[in-house]
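Have a look at the structure below, then the notes.
Protein chains: 2
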Amino acid sequence: MTRAEENYIKAIFHLGGAASQPIATNAIAEEMDTKPSSVTDMAKKLAEKKLVTYVKYQGVSLTELGIEKALAIIRKHRLWEVFLVKKLDFTWDEVHEVAEQLEHIKSEKLIDQLDALLEYPKYDPHGDPIPSKTGEFKERDKQLLSELPVQAKGVCVGVKDTSSAFLKFLDKNKIALGDTIEVLEKEEFDDSLRIQIDRRQFHISHLIATNLYVKKE
Amino acid sequence: MTRAEENYIKAIFHLGGAASQPIATNAIAEEMDTKPSSVTDMAKKLAEKKLVTYVKYQGVSLTELGIEKALAIIRKHRLWEVFLVKKLDFTWDEVHEVAEQLEHIKSEKLIDQLDALLEYPKYDPHGDPIPSKTGEFKERDKQLLSELPVQAKGVCVGVKDTSSAFLKFLDKNKIALGDTIEVLEKEEFDDSLRIQIDRRQFHISHLIATNLYVKKE
DNA sequence: ATTATAATTTAGACAAATCTAAAAATACTT
DNA sequence: AAGTATTTTTAGATTTGTCTAAATTATAAT
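See below:
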């Protein structure tokens, strides 16, 4: 697979292309920041290679083979993210761009050994699960911080929005994976929250609370 | 710089293009396993970008800027090689192919941090020097094993031939960088050597001895 | 110095991945 | 159900990096 092909497969998977419901050309174009006509061209090429099912004017969905390839790329991406954070002191918001490049490196041994070096992590720095070599993975048992009742405590396990802006916000406020968050108070009016992490108290907006995943204690 | 451009710059440097003496089109084509006409095309493009000096029918040599870029690529390549050997248990002969891919990853922080993780190595697994961030490096004080007199001892610091075949031979015979080699006997007839490493004695051909670098003790 | 040989360049073509503009198909609306 | 709007595809062009075959320049040899 070429780099471009890999990127399309990943984007299609990301849009839910592993289900039977096909993904629209426009949606893929949007996701990949490209033109619909380019997507059509690539859809034909990927169908040719048995990576996707493509029906004119209907859209694209991944074949078994396509899903397998998508998971392999995601595995590589997320393992590299762990490496960057754990071994090279990258912050949440810095990892994505570099991992986008590293995920295309072709070497089975490299990934196996990287996995070992990192001691077989199950989740990446955003809390997303890392598929195993055979493509298995399970979503973490988690819920949005906004769904937690007052007085409940949860461990921060991931983010919904992975935009640089949001991740930088978290970095700046020193909110990290693994932190225990307690909901002290809910403001009825705007659904904002008063929370506590260690000995620090914050006031966070509803928007923030709906983009942070926690695991109930 | 595109990947292709980087590969050309590296190849030209490798052929001695940092000196004033220009490198022939054919030599570059041979080195890169491509056709001379492709080299001509690329030479024009690189000259356009001020990375090389190109005179029709004369050949190509690197500009100051080109040398700088070449050293940056070599730095990345060799740091990745160290990483693969030190952290991921790759053998000498396995590193090159993967490092060829990794050297094109674009991220200054990545390389700085990798350098730190590896504790600022000065030499790669083949004994070649790693340029600093500013492009400085010095060749190791070394000589060929074949030049060592009988009874002399030397520490293995590098290889001249970096082919997979030669490196595999060394792996198989457990000859590694850092090993102390003592020349026990020289056979006049074919210039072969009897050597000792730790408690093991070998008989090695002249060809082997002219491809192993040692540092006299 | 002329010719033969080798190296290099040009011209034209191709594949991958993209784009724009126009055409075709599908979906929405009243 | 007809017409409008939206989505998708096609056709043709572009860029990058490569190739082959032919033409050109440089080098070597007699």
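Line order of the protein sequences matches chains A and B.
Residues in the first sequence are numbered from 1 upward in steps of one, following my numbering.
Residues in the second sequence are numbered from 218 upward in steps of one, following my numbering.
We put the beta carbon where it would ideally sit given N, CA and C, even for glycine.
| request: Quick one: residues in its chain with C-beta nearer than 6 Å to the C-beta of Lys433/B, no 5 flanking neighbours on either side, listed in chain order? | output: Gly371
| What are the uninterrupted segments assigned as beta strand (DSSP E) that are 3 or more residues long and contained completely in the region 247-309 of chain B, given in chain order? | If you keep only unbroken beta strand (DSSP E) runs of at least 3 residues inside the region 247-309 of chain B, you get 269-272, 276-279.
| query | Just reading off the beta strand (DSSP E) that Tyr337/B is part of, what are its end residues? | reply | Note, Tyr337/B: premise wrong, no beta strand (DSSP E); not H, not E.
| query | Of the choices Phe300/B, Leu365/B, Trp309/B, whose alpha-carbon is the least far from that of Asp329/B? | reply | Residue Phe300/B is the option with its Cα nearest to Asp329/B.
| query | If the cut is a Cβ gap below 7 Å, which residues of chain A does Asp306/B touch? | reply | Near Asp306/B (Cβ distances below 7 Å), the residues of chain A are Gln113.
| query | Are the beta-carbon atoms of Phe137/A and Pro149/A separated by less than 9 Å? | reply | no
| message | Cβ closer than 8 Å: which chain B residues qualify as neighbours of Glu94/A? | response | Taking a Cβ-Cβ threshold of 8 Å, the residues of chain B close to Glu94/A are Lys326, in chain order.
| Tell me, which residues are paired with Val376/B by DSSP? | Val376/B is bridged to Leu429/B.
| field | Thr2/A, DSSP secondary structure in three states | value | coil
| field | Spatial distance of Val256/B from Ala99/A (CA atoms) | value | 32 Å
| task | Spatial neighbours of Asp332/B within its chain, please: CB distance less than 7 Å, with the 5 preceding and 5 following residues excluded, ordered by chain position. | result | Leu296
| With 16 as the cutoff for other CB atoms within 10 Å, does His203/A come out buried or exposed? | exposed
| said: When you compare the region 232-243 of chain B with the region 272-280 of chain B, are there three or more beta-carbon pairs, one atom per stretch, that lie closer than 8 Å? | reply: yes
| message | Which same chain residues end up closer than 8 Å to Ala289/B when comparing Cβ atoms and leaving out the 5 residues on each side of it in sequence? | response | The residues are Pro348, Gly352.
| said: Let me see if you follow: with CB-CB separation under 9 Å, is Lys315/B close to chain A or not? | reply: Strictly speaking, residue 315/B in this sequence is Val, with Lys absent from that position. It does: the Cβ of Val315/B has a partner Cβ on chain A nearer than 9 Å.
| query | So which residues on chain B does Lys172/A lean against when the C-beta distance must stay under 7 Å? | reply | Simply none; closest approach about 18 Å.
| message | With three or more beta-carbon pairs closer than 8 Å as the criterion, would you say the region 176-192 of chain A touches the region 238-252 of chain B? | response | By the C-beta criterion, the region 176-192 of chain A is judged not to be in contact with the region 238-252 of chain B, since fewer than 3 inter-stretch pairs fall below 8 Å.
| field | Distance, Lys49/A Cα to Glu68/A Cα | value | 14 Å
| request: Can you have a look at Asn173/A and say buried or exposed, based on whether 16 or more other CB atoms are within 10 angstroms of its CB? | output: exposed
| According to the neighbour-count rule (16 or more other Cβ atoms, all chains shown, within 10 Å of its Cβ), is Phe307/B buried or exposed? | buried
| said: I need the straight-line Cα distance from Phe386/B to His321/B, nearest angstrom please. | reply: 29 Å
| message | If I measure Cβ to Cβ from Lys261/B and keep anything under 7 Å in the same chain, skipping five residues before and after, which residues do I get? | response | Tyr271
| said: Strictly under 9 Å for the Cβ-Cβ distance: is Gln201/A near chain B by that measure? | reply: no
| query | Quick one: is Asp408/B buried, meaning 16 or more other Cβ sit within 10 Å of its Cβ, or exposed? | reply | Label assigned to Asp408/B: exposed.
| Using the beta-carbon count (16 or more within 10 Å), is Lys323/B buried or exposed? | exposed
| said: So, at 7 Å on beta carbons, what are the nonlocal neighbours of Glu139/A in its own chain, with the 5 sequence-adjacent residues on each side left out? | reply: Counting only Cβ-Cβ distances below 7 Å, and skipping sequence neighbours, we find Pro129.
| field | Residue closest to Trp309/B, alpha-carbon to alpha-carbon, out of Leu268/B, Glu298/B, Leu319/B | value | It is Glu298/B whose Cα lies nearest to the Cα of Trp309/B.
| Beta-carbon neighbours of Lys106/A, restricted to chain B and to distances below 7 Å | The contacting residues are Gln318.
| message | Spatial neighbours of Val302/B within its chain, please: C-beta separation below 7 Å, excluding the five flanking residues on both sides. | response | Val312, Pro342
| said: At the 9 Å Cβ level, is Leu301/B part of the contact set with chain A, yes or no? | reply: yes
| message | Quick check: is the beta carbon of Leu117/A nearer than 9 Å to any beta carbon in chain B? | response | Interface annotation, Leu117/A: in contact with chain B, CB-CB separation under 9 Å.
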